[in-house]
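Okay, structure first, notes after.
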Amino acid sequence: MQRIFSGIQPSGIPTLGNYLGAIRNWVPLQADHDCIYCVVDLHAITQWQEPSLLARQTRELAASLMACGIDPVRQILFLQSLVPEHAELAWIFNCVARLGWLNRMTQFKDKAGKDRENASAGLYVYPNLMAADILAYHATRVPVGDDQRQHLELANDIAQKFNHDFGADFFPAIEPLILGPAARVMSLRDGTKKMSKSDTSDQSRINLNDSADAIAQKIRRARTDPEPLPGEPAGLEGRPEARNLVGIYAALADTDEAGVLGRHGGKGFAAFKEDLAGLLIATIGPIAAETARLLADPAHVDGVLRGGAERAKRIAGPIVAEAKRLVGFLAA
Ligand code: TYM
0 MQRIFSGIQP
10 SGIPTLGNYL
20 GAIRNWVPLQ
30 ADHDCIYCVV
40 DLHAITQWQE
50 PSLLARQTRE
60 LAASLMACGI
70 DPVRQILFLQ
80 SLVPEHAELA
90 WIFNCVARLG
100 WLNRMTQFKD
110 KAGKDRENAS
120 AGLYVYPNLM
130 AADILAYHAT
140 RVPVGDDQRQ
150 HLELANDIAQ
160 KFNHDFGADF
170 FPAIEPLILG
180 PAARVMSLRD
190 GTKKMSKSDT
200 SDQSRINLND
210 SADAIAQKIR
220 RARTDPEPLP
230 GEPAGLEGRP
240 EARNLVGIYA
250 ALADTDEAGV
260 LGRHGGKGFA
270 AFKEDLAGLL
280 IATIGPIAAE
290 TARLLADPAH
300 VDGVLRGGAE
310 RAKRIAGPIV
320 AEAKRLVGFL
330 AA
């Protein structure tokens, strides 16, 4: 059975982008894969996180993942910082990856913005830690949103260079799984910007704990253009806001752009938005309710992350020990 690894940062409430681009695809993979899902708190601190808030958001994210259908009993759900092998292997990868490779990473450029001198060194080597997350388990398939494609290419470059430098066929190739019509969900305020947990405007995103009223209001106010919906996908060209809402609708209704436009083409946005809000509320409402139910017992949620970490460590321990042996470190 192939092993899946994926991660999500506890840097805020998960958004509809995280859900449609990643989490929702993680659930069915559990049926026929060995899955390891990770709350990546080491990644989160590459940008400032208020300590008390980080702890709370970590727990909320774990509860939210379970509410979405991640099964912590048959699969592994754990907290990255509880398995030191991630940081250990990341250090080795810091010495394998080349500066030239990291300089090409568009996410660093986006996140560091204009004040690059003031970004943390951790933000710069973020993709090396991500490669370590996956390769510490010899995972071969990684379900992510489209924005992570470049990081996975880098992880493959690191694996190949490690194998070449140390003369071993040790780390496997990684296959990105970028699935569905909503692999890149855009902001509700600007169809050219990614929907993100960290956007300053709450109106730009749907959060997985939003109330039905909040969802309906955000969709009603979502930016659109004055034209009616086109009858075919080609008509979405140059209309990023329309394309975004159609993509979200398609993902929720398990269809594609053509399927959505077949039903709604020619209509104005008002009726379409009302339908879309209904679909969103039907999907997110139960997730928010189940998350709240799980959070009533925080000790249980923390126990899931700790128990998952013990099981994760049993897999990563021997793999990282072998990587260290290949590098030439003396055994413990
Ligand atoms: P994070 O927390 O930023 O995002 C988690 C997942 O959500 C996807 N995603 C989106 N998909 C579609 N549209 C959006 N607007 C959107 N925003 C986020 C991301 O692609 C991601 O799949 N670096 C990773 C976390 C990570 C990881 C890993 C992933 C750390 N180690 C190892 C896979 C394997 C990230 O961006 O997290």
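When we follow numbering that gives the first Met the number 0, the leftmost residue of the sequence shown carries the number 0, and every step to the right adds one.
For glycine and all other residues, C-beta sits at the position ideal for the given N, C-alpha and C.
Query: Check whether the Cβ atoms of residue 59 and residue 304 lie closer than 9 Å to each other.; Result: no
Query: Can you tell me the Cα-Cα spacing of residue 119 and residue 156, whole angstroms?; Result: 23 Å
Query: Please indicate yes or no: does the CB of residue 67 lie closer than 8 Å to some heavy atom of the ligand TYM?; Result: no
Query: Give the range of the alpha helix (DSSP H) segment to which residue 349 is assigned.; Result: Outside the modelled stretch of the chain, which goes from 0 to 331, sits residue 349, for which no answer is possible.
Query: Could you check whether the Cβ of residue 14 sits closer than 8 Å to any heavy atom belonging to the ligand TYM?; Result: yes
Query: Checking 9 Å against the spacing of the C-beta atoms, do residue 140 and residue 3 come in under that value?; Result: yes
Query: Tell me whether the beta-carbon of residue 346 lies closer than 9 Å to the beta-carbon of residue 272.; Result: What the structure shows of the chain is the stretch from 0 to 331, and residue 346 is not part of that stretch, so it cannot be assessed.
Query: What does DSSP give as the partner residues of residue 36 in its beta bridges?; Result: 5 and 76
Query: Pick out whichever of 86, 207, 226 and 291 has its Cα sitting closest to the Cα of residue 133.; Result: 86
Query: Hey, is residue 143 close to the ligand TYM, as in C-beta under 8 Å from one of its heavy atoms?; Result: yes
Query: In whole angstroms, what separates the C-alpha of residue 61 from that of residue 34?; Result: 15 Å
Query: Who pairs with residue 196 in a beta bridge, going by DSSP?; Result: Partner(s): none; residue 196 has no beta bridge.
Query: What does a CB cutoff of less than 6 Å around residue 256 pick up in its chain, not counting 5 residues either side in sequence?; Result: 232, 245 and 249
Query: Is the distance from the Cβ of residue 197 to the Cβ of residue 46 below 9 Å?; Result: yes
Query: How should residue 163 be labelled, buried or exposed, when 16 other C-beta atoms within 10 angstroms of its C-beta is the threshold for buried?; Result: exposed
Query: Verify the contact flag: residue 189, CB atom, against every heavy atom of the ligand TYM, threshold strictly below 8 Å.; Result: no
Query: Residue 126 and residue 106: beta carbons closer than 9 Å?; Result: yes
Query: Just curious, the alpha helix (DSSP H) that residue 231 is in, first and last residue?; Result: First-last for residue 231: undefined, no H or E at that position.
Query: Is it the case that the Cβ atoms of residue 13 and residue 43 are separated by a distance below 9 Å?; Result: no
Query: Name the residue from 153, 142 and 169 whose alpha carbon lies nearest to the alpha carbon of residue 181.; Result: 142
Query: Hey, residue 135 and residue 315 are a contact pair by Cβ (cut 8 Å); roughly how many whole angstroms apart?; Result: 4 Å
Query: Considering just the uninterrupted stretch of the beta strand (DSSP E) at residue 180, what are its terminal residues?; Result: From DSSP, residue 180 is part of no beta strand (DSSP E); its letter is neither H nor E.
Query: Which residues in the same chain have their Cβ closer than 8 Å to the Cβ of residue 24, if we skip the five residues on either side of it in sequence?; Result: 142, 176, 178 and 179
Query: Kindly indicate which three-state DSSP category residue 71 falls into: helix, strand or coil?; Result: coil
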